[in-house]
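Q: Residue numbers 12 to 694, in my numbering, belong to the letters of the sequence shown in order.
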Amino acid sequence: MKTCLKYFLTGVAFFATLFVGHAQTNLYPVDISGFEVGFWVNSTAQPSNSYTCTIVTDKVFDGTRAVKFDCPDAALPTAGNANAVLGGINPDFPVGNIAVTAGTYLFQAKVFIEGTAPSRITVFMAEKSASLTGHISFNIPLSEVATGSWQTVSKVVTFSADIAEMKTGLRIYGTDYNGLTGSSTLYVDQIGLFEDTGSGSADVKYSPLLDPDFNWEINPDFSDEFNNPVIDQAKWNTDVGDWGTWSWEPENAYITDTVLTLRMKQQQHSRGGTDYYFTSGIAQVREEFTYGYFEAKIKASDKGQGTCPAFWVYSVGQPTPTEEGGVQYSEIDAIEIFQVANELQRLEMNLHTRIIENGVLTWKRPGQGDSELTHNSWDAPWDPRDKYHTYAVWNRLDSIFWYVDGIQRGAKKNHYWHLPMRLTVSMGLRTPYEKYIDGVRTVMPYPESTPEPGFPTEMYCDYVRVWNTPAQLYADREKYYNAEFQSGGVLNFDCRYFAGNDHSVLADSWGGVSCKLLEIQADGTVVREVEQVDASAVGKVSGTASFSFSLNGWQASSTLPEGNKYVLQPVFRTSKGGGENVMLKEQYYPIEIALSTSSANPLKKTSDSVLSVYPNPASHSIKIEYASVSNEQVPVYFYNNMGELVLLRQIQSSQAVEVDISSFTRGMYFVKAGMKVHKLIVN
């Protein structure tokens, strides 16, 4: 059984060293449940047998391992100071262990006492660059703890400020024996910070160490601790179809000691008239999701070069879009290990997508000139084969963030990664057993008659955990926040919406995604408003809502009464919780409206053309306005959702034209003028 912690102590791979003078001895290379923070033991100036600390397996709690503190005989003259310190306070340990946000938590640990109980545990917590003594510390009494069985000890602790990287320490005291004699042994396991429920007990609820404004929820449909003896085939597909040089065989995916194990072995076989020489394992969640935080704890394959342990999500079977910029494929690689030849410690964290660009379906991925859009990598100071590490991605409407051992190691703006995707753990094939030749992944001959050293080899995944992302709205802040638009022109506004995992946009209250253009006073009183609704969002989990506001008759911001301003305020209602309103994090974006002059470009400063289609949705007629610098006639194309041209109209640039759509059947259409494309819903 693995520990479920609100703020579990992860961040850096576990390692163990015992400091005796300047000597260092590696004690234990395997993680201790709930305490994966780097291990440093320091004894003060005491008799040589005053305190020892080891890692043991003779006392276990549901199969986990523990730290064992052997206390001195209580009769020894320890002057009340016999102690040892466990945790990441080693000056050679350069980073913090965990991150917490301001608030109240419940610190808990499991303890098992033999012999005389030590008086207390002292817990130290501090920022990574600070001395422990000047920061948070608290005592947990042990004198009343029963001996001979595992007990839970706890203490409420409050953090007055956020701590991005925090070190932790445990100091075990052998004081206050009051004349008692006899040695004592203390085992400690399952240490962590939980949300304080006010009841004095911790809920079995844990979350990524991320945005404190989100109420994170673990998603059991996509999470697995692998505590069962066999893979849950209702959740996981281990018989995924082969592709490229990778041949997946279900026999190469199995559970070993509560760990998902994926094997690669040398096995010559043929498919499609081509010989292949290796098979490997894959496990893929059968359901799909888009936004959330997904994490896996992985130990890489011993073979290293030639294998590629990976944790990733990707879309399957999406139709080819018709609109410019439309997305046909999305892939987010949380981690690809040994991806780069002869770089065993290079960790690759990349993006792949296939979009419509200039009317052509085009790949965007690393190695094809798209590094700024798609590529992250980090050179780890450790070998990923030696120990377990956590690899995670947070995919959200605006951005994508990568984490290794709880520390952010990459970030990209989320332009195209909004499709439903399948979570996957896999062992792939890499150089020298395959190579890219003319852009095609090509198998390299390696006959079965020549056994390759190091095979079979296995990667290990201790757990997969996925947290739901709450419902949210996002609009490109750089594009709209305090942006300037021309009076008399058109303001086009796009925003992304997400109703929350397993929820959808409701029709009640707002009719879909609503957006208001408002003039408000300093106290929020509304002076003037215009509302548009994108009804195409109703019933959907996520998507993009588009709005077009004519600025005819809206005076310049500079002429408004003091304290008045213009704002854009989108909102929708999600089915979560029986119906909850969802707004931008700031609730609205302020905008500026500038006076239009004959020589001024009537467009937003950062664009060369604007296409407006309104009202939308519509039943009988719409107005179209295409404003461009050239001020010439422009063809406007209407396509149905099959990509078929159903209407072509010529309009004069910068003039609103009414178009009869009464002959259109109900459904989605695409209106294209120049390089601009708008969705049109006909109801």
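The beta carbon of each residue, even a glycine, is placed where N, CA and C say it ideally should be.
Tell me whether the beta-carbon of Leu271 lies closer than 8 angstroms to the beta-carbon of Met438.
A: The count along the sequence shown starts at 1 and reaches residue 271 at position 260. The count along the sequence shown starts at 1 and reaches residue 438 at position 427. Not a contact, by the Cβ cut-off of 8 angstroms.
Q: For the beta strand (DSSP E) holding Glu342, just list the boundary residues, first then last.
A: In the sequence shown, the residue the question calls residue 342 occupies position 331. Element bounds for Glu342: 338-348.
Q: If you draw a straight line from the C-alpha of Asp253 to the C-alpha of Ile531, how long is it?
A: Within the sequence shown, the letter at position 242 stands for residue 253. Within the sequence shown, the letter at position 520 stands for residue 531. Going from the Cα of Asp253 to the Cα of Ile531 covers about 59 angstroms.
Q: With distance defined between alpha-carbon atoms, name the residue in Cys319, Ser148, Tyr304, Asp250 nearest to Val415.
A: Here residue 415 refers to the residue found at position 404 of the sequence shown. Out of Cys319, Ser148, Tyr304, Asp250, Tyr304 has the C-alpha closest to the C-alpha of Val415.
Q: Which of the three DSSP states is assigned to Ser142 in this structure?
A: The sequence position of residue 142 within the sequence shown is 131, counting from 1. Below a pLDDT of 50, predicted positions are generally treated as unreliable, and Ser142, at 48, falls in that range; no measurement from the model is reported.
Q: Could you tell me the boundaries of the beta strand (DSSP E) in which Arg407 lies?
A: As a first step, residue 407 must be located in the sequence shown, where it is residue number 396. From DSSP, Arg407 is part of no beta strand (DSSP E); its letter is neither H nor E.
Q: What residue does the alpha helix (DSSP H) around Glu383 start on, and which one ends it?
A: Against the sequence shown, residue 383 aligns to sequence position 372. Taken as a continuous stretch (DSSP letters only), the alpha helix (DSSP H) holding Glu383 covers 382-385.
Q: Run through the DSSP bridge pairs and tell me what Trp254 is partnered with.
A: Within the sequence shown, numbered from 1, the residue matching residue 254 stands at position 243. Trp257.
Q: My understanding is that Phe322 touches Tyr402, with C-beta atoms under 8 angstroms, so please give their C-beta distance in whole angstroms.
A: As a position in the sequence shown, residue 322 is number 311, starting the count at 1. As a position in the sequence shown, residue 402 is number 391, starting the count at 1. Rounded, the Cβ-Cβ distance is 5 angstroms, consistent with contact.
Q: Please name the residue in Thr196, Ser148, Ser388 whose C-alpha comes closest to that of Ser160.
A: In the sequence shown, the residue the question calls residue 160 occupies position 149. The shortest C-alpha separation from Ser160 is found at Thr196.
Q: What residues match up with Lys276 in a beta bridge as DSSP calls it?
A: Position 265 of the sequence shown, counting from 1, holds the residue named residue 276. In the DSSP output, where bridge partners are listed per residue, Lys276 has Thr290.
Q: Roughly how many angstroms lie between the CA atoms of Val578 and Val501, to the nearest whole one?
A: Counted from its first residue, the sequence shown places residue 578 at position 567. Counted from its first residue, the sequence shown places residue 501 at position 490. Near 15 angstroms, if we compare the C-alpha coordinates of Val501 and Val578.
Q: So, helix, strand or coil for Ser165, using DSSP?
A: Residue numbering aside, residue 165 sits at position 154 when the sequence shown is read from its first letter. Strand at Ser165.
Q: Could you tell me the boundaries of the beta strand (DSSP E) in which Glu530 lies?
A: Numbered from 1 along the sequence shown, position 519 holds the residue referred to as residue 530. From DSSP, the beta strand (DSSP E) with Glu530 extends over 524-531.
Q: According to the neighbour-count rule (16 or more other Cβ atoms, all chains shown, within 10 Å of its Cβ), is Asn592 buried or exposed?
A: By one-based count along the sequence shown, residue 592 stands at place 581. Result: exposed.
Q: Using only the alpha-carbon positions, how far apart do Val199 and Glu306 sit?
A: As a working note, residue 199 is residue 188 in the sequence shown. As a working note, residue 306 is residue 295 in the sequence shown. Val199 and Glu306: Cα-Cα distance of roughly 26 angstroms.
Q: With 16 other CB atoms within 10 Å as the buried threshold, where does Ser525 fall?
A: Taking the first residue of the sequence shown as position 1, residue 525 is located at position 514. It is buried - the Cβ of Ser525 has at least 16 other Cβ atoms within 10 Å.
Q: Roughly how many angstroms lie between the CA atoms of Val645 and Val454, to the nearest whole one?
A: Along the sequence shown, one-based indexing puts residue 645 at 634. Along the sequence shown, one-based indexing puts residue 454 at 443. Straight-line Cα distance between these residues: approximately 51 angstroms.
Q: Could you check whether the Cβ of Asp409 sits closer than 7 angstroms to any heavy atom belonging to the ligand FMN?
A: As far as ligands go, the structure on display features none, and thus does not contain the ligand FMN.
Q: Using DSSP bridges, identify the partner residues of Arg584.
A: Residue mapping note: residue 584 aligns to position 573 of the sequence shown, counting from 1. Partner(s): Asn592.
Q: Kindly list the residues whose CB is nearer than 8 angstroms to the CB of Lys423, restricted to its own chain and excluding five residues on each side of it in sequence; keep chain order.
A: Residue numbering aside, residue 423 sits at position 412 when the sequence shown is read from its first letter. Cβ within range, chain order: Leu362, Leu384, Thr385, Asn387, Ser410, Ile411.
Q: Alpha carbon to alpha carbon, how far is Asp397 from Glu542?
A: The count along the sequence shown starts at 1 and reaches residue 397 at position 386. The count along the sequence shown starts at 1 and reaches residue 542 at position 531. Their Cα atoms are separated by approximately 59 angstroms.
Q: Leaving aside the five residues before and after Arg452 along the sequence, list all residues of the same chain whose C-beta is less than 8 angstroms from its C-beta, in chain order.
A: For the purposes of this step, residue 452 is identified with residue 441 of the sequence shown, where counting begins at 1. The answer, listed in chain order, is Gly255, Thr256, Glu445, Lys446.
Q: Could you give the C-beta distance for Leu529 and Cys506, rounded to a whole number, given that I count them as a contact under 8 angstroms?
A: Residue mapping note: residue 529 aligns to position 518 of the sequence shown, counting from 1. Residue mapping note: residue 506 aligns to position 495 of the sequence shown, counting from 1. Not confirmed; about 15 angstroms, so no contact.
Q: Excluding five sequence neighbours on each side, which residues of the same chain lie with their C-beta closer than 7 angstroms to the C-beta of Glu165?
A: Counted from its first residue, the sequence shown places residue 165 at position 154. One detail in the question is off: residue 165 reads as Ser in this sequence, not Glu. Leu117, Phe118, Gln119.
Q: Just list the residues that DSSP pairs Leu658 with in beta bridges.
A: Counted from its first residue, the sequence shown places residue 658 at position 647. Phe649, per the DSSP bridge assignment.
Q: Among Phe289, Asn651, Ile124, which residue has its Cα nearest to the Cα of Ser674?
A: Indexing the sequence shown from 1 puts residue 674 at position 663. Here the closest residue by C-alpha is Asn651.
Q: Pull up the distance between the alpha-carbon of Ser561 and that of Ala567, whole angstroms please.
A: Indexing the sequence shown from 1 puts residue 561 at position 550. Indexing the sequence shown from 1 puts residue 567 at position 556. Near 14 angstroms, if we compare the C-alpha coordinates of Ala567 and Ser561.
Q: Looking at the structure shown, is Ser498 part of a helix, part of a strand, or coil, going by DSSP?
A: Counting from 1 along the sequence shown, the entry for residue 498 is found at position 487. Coil, per DSSP.
Q: State yes or no: is the C-beta of Ser520 within less than 8 angstroms of the C-beta of Leu606?
A: Locating residue 520 in the sequence shown gives position 509, counting from the first residue. Locating residue 606 in the sequence shown gives position 595, counting from the first residue. Contact: no.
Q: Who are the Cβ neighbours of Gln277 in its own chain at under 8 angstroms, not counting the five residues just before and after it?
A: Counting from 1 along the sequence shown, the entry for residue 277 is found at position 266. Cβ neighbours of Gln277 beyond the five flanking positions: Tyr288, Phe289, Tyr457, Glu459, Pro462, Glu463, Phe466, Pro467.
Q: How far does the beta strand (DSSP E) with Lys490 in it reach, from first residue to last?
A: In the sequence shown, residue 490 corresponds to position 479, counting from 1. Run containing Lys490: none in the beta strand (DSSP E); it sits in the alpha helix (DSSP H), 488-491.
Q: Assign Ala128 to one of three DSSP states: helix, strand, or coil.
A: If you number the sequence shown from 1, residue 128 lands on position 117. Looking at Ala128 - three-state DSSP - the assignment turns out to be coil, as it is neither helix nor strand.
Q: Check the C-beta distance from Pro601 over to Tyr492 and give it rounded, since I have them as a contact under 8 angstroms.
A: For the purposes of this step, residue 601 is identified with residue 590 of the sequence shown, where counting begins at 1. For the purposes of this step, residue 492 is identified with residue 481 of the sequence shown, where counting begins at 1. Confirmed, about 7 angstroms.
Q: If I follow the unbroken beta strand (DSSP E) through Glu542, where does it start and stop?
A: Looking up residue 542 in the sequence shown gives position 531. Its beta strand (DSSP E) spans residues 537-545.
Q: Compute the beta-carbon to beta-carbon distance between Ser341 and Leu430, rounded to the nearest angstrom, for a pair I have assumed lies under 8 angstroms.
A: As a first step, residue 341 is located in the sequence shown; it is residue number 330 there, counting from the start. As a first step, residue 430 is located in the sequence shown; it is residue number 419 there, counting from the start. About 4 angstroms; that satisfies the 8 angstroms criterion.
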